[in-house]
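Q: Numbering (the numbering used here), first residue to last: 1261 to 1351. The beta carbon of each residue, even a glycine, is placed where N, CA and C say it ideally should be.
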């Protein structure tokens, strides 16, 4: 949804997010620039993110003999995999 439309109808867009419990992706000049998420979804994403980083920290702590570059590569791959799963609906 283009930002100019959102500016004009912010309360309507937020009500839509709340009612449908689905994200709305914001665009500017055809490029994705942000999103409105239902609060419950946002909180779940934050919890998942924290859990992933905690699991990574524990894995690194158990295997300190791995080279830092390898660990960083594995983290980057894990982040890319997580970001590749599921995308917000575009409206």
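1. Just verifying my parser: in three-state terms, what is the DSSP assignment at residue 1289?
2. Using C-beta distances below 6 angstroms, list every residue in its chain close to residue 1314, excluding the 5 sequence neighbours before and after it, in chain order.
3. Compute the Euclidean distance between the alpha carbons of residue 1263 and residue 1336, then round it to the nearest angstrom.
4. Enumerate in chain order the residues of its own chain whose CB-to-CB distance from residue 1297 is below 8 angstroms, with the five nearest sequence positions on each side excluded.
5. Need the endpoints of the alpha helix (DSSP H) that residue 1301 sits in, please.
6. Taking Cβ positions, are residue 1320 and residue 1331 nearer each other than 8 angstroms?
A: Quick look at the numbers:
1. coil
2. So no residue of the chain qualifies.
3. Put simply, the backbone Cα of residue 1263 is about 31 angstroms away from that of residue 1336.
4. Sequence-distant partners of residue 1297 (beyond 5 residues in either direction) whose C-beta falls short of 8 angstroms from its own C-beta, in its chain, are 1277, 1283, 1305 and 1348.
5. Note, residue 1301: alpha helix (DSSP H), 1299 to 1322.
6. Residue 1331 is positioned such that its CB atom lies closer than 8 angstroms to that of residue 1320.
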